[in-house]
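Visitor: Dropping the structure in here first, questions after.
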Amino acid sequence: MTKPRQRKPIDRWNGDSIPAGQSRDVKLAVSESYSSMNVKIPIHIRRAQEDGPVVFVTAALHGDEINGTGAIRELIQDANFHLLRGSVILVPVLNILAFDRHSRYLPDRRDLNRSFPGSSNGSLASRMARIIFDEIVSRCDYGIDLHTASVRRTNYPNVRGDLSNPEVSRLAKAFGSEIIMNGKGPAGA
750 MTKPRQRKPI DRWNGDSIPA GQSRDVKLAV SESYSSMNVK IPIHIRRAQE
800 DGPVVFVTAA LHGDEINGTG AIRELIQDAN FHLLRGSVIL VPVLNILAFD
850 RHSRYLPDRR DLNRSFPGSS NGSLASRMAR IIFDEIVSRC DYGIDLHTAS
900 VRRTNYPNVR GDLSNPEVSR LAKAFGSEII MNGKGPAGA
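Numbering (this note's numbering), first residue to last: 750 to 938.
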């Protein structure tokens, strides 16, 4: 995803305060259904007592790639998961519309992962990408987007990133994956 210019504060979300050392579950409205119901994604925000980097971890950007969803839910429920400093934004299901349909794509057949940073008056994918970018990505210093193979496919565990960036390279190696792939990613990702 494209990096925002200046980080948005992490201590306020939807008008609610999230003090240092606290956690909150919030819902982010990303769309509206044809029947005028708000479509919201669940988000867990956890802040350490001490300030530091803010990291997002997302899963199910493609609605049929669900392994990361379970990993994030386990992390949220882990009583031993404590931050030493900084904050984390955990999003088990980023693309709720595709997830509910067991589909890689949104109902408009667009790939949300090719729609960032988005537009407030574009396609469904573009509008959702804009909200996600403004409300999640813009608060973060780093991001981890978990992907898995889609239905009837297998991927060997790997890390992908722009390894020409020393910080990205350092973080990619920290995962300990046998396979680290270099690349800036496709447009809109």
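Don't be surprised by glycine CBs; every beta carbon is placed ideally from N, CA and C. Note that the coordinates shown come from a computational prediction; the quantities given were computed from them, not determined experimentally.
DSSP three-state label for Ser766, please.
Guide: Strand.
Visitor: How should Val900 be labelled, buried or exposed, when 16 other C-beta atoms within 10 angstroms of its C-beta is the threshold for buried?
Guide: Classification of Val900: exposed, given that the 10 Å Cβ count is below 16.
Visitor: Could you tell me whether the segment 809-817 touches the segment 769-777, using the rule of 3 or more Cβ pairs below 8 angstroms?
Guide: Contact fails: fewer than three Cβ-Cβ distances are below 8 angstroms.
Visitor: Distance check for Asp800 and Gln771, CA to CA, integer angstroms please.
Guide: Taking the straight line from one Cα to the other gives about 12 angstroms.
Visitor: Does the separation of the CB atoms of Arg902 and Met930 fall below 7 angstroms?
Guide: The answer is no: Cβ separation not under 7 angstroms.
Visitor: DSSP three-state label for Glu927, please.
Guide: Three-state result, Glu927: coil.
Visitor: Under the assumption that Ile881 contacts Leu843 (Cβ atoms under 8 angstroms), give the Cβ distance between them as a whole number of angstroms.
Guide: Yes, Ile881 and Leu843 are in contact; Cβ-Cβ is about 7 angstroms, under 8 angstroms.
Visitor: Is the beta carbon of Met877 closer than 7 angstroms to that of Ser784?
Guide: Cβ atoms of Ser784 and Met877: not closer than 7 angstroms.
Visitor: Does the beta-carbon of Glu884 have 16 or more other beta-carbons within 10 angstroms, so that it is buried, or is it exposed?
Guide: Glu884 comes out buried.
Visitor: Since Arg888 and Leu873 should fall inside the 8 angstroms C-beta cutoff, what is the C-beta to C-beta distance between them, to a whole number of angstroms?
Guide: Arg888 to Leu873, Cβ: 23 angstroms. No contact.
Visitor: Using CA atoms only, rank isn't needed, just tell me which of Val803, Thr818, Leu846 is closest to Val788.
Guide: It is Leu846 whose Cα lies nearest to the Cα of Val788.
Visitor: Could you give the distance in angstroms between the alpha-carbon of Thr751 and the alpha-carbon of Val886?
Guide: Because the pLDDT at Thr751 is just 48, under 50, the model does not fix this residue reliably, and the point stays unresolved.
Visitor: Mark Asn870 as exposed unless 16 or more other C-beta atoms lie within 10 angstroms of its C-beta, in which case mark it buried.
Guide: Classification of Asn870: exposed, given that the 10 Å Cβ count is below 16.
Visitor: Kindly indicate which residue of Ala769, Thr807, Leu833, Arg834 has the alpha-carbon position closest to the one of Ile821.
Guide: Nearest of Ala769, Thr807, Leu833, Arg834 to Ile821, Cα basis: Thr807.
Visitor: So, is Ala898 buried or exposed, given that buried needs 16 or more other C-beta atoms within 10 angstroms?
Guide: When all chains shown are included, Ala898 counts as exposed.
Visitor: Buried or exposed: Arg834, going by 16 or more other Cβ atoms within 10 Å of its Cβ?
Guide: Exposed, because fewer than 16 other Cβ atoms sit within 10 Å of the Cβ of Arg834.
Visitor: Going by DSSP, what residues sit across from Gly932 in a beta bridge?
Guide: Paired residues: none, contrary to the question.
Visitor: If I follow the unbroken alpha helix (DSSP H) through Gly871, where does it start and stop?
Guide: First-last for Gly871: undefined, no H or E at that position.
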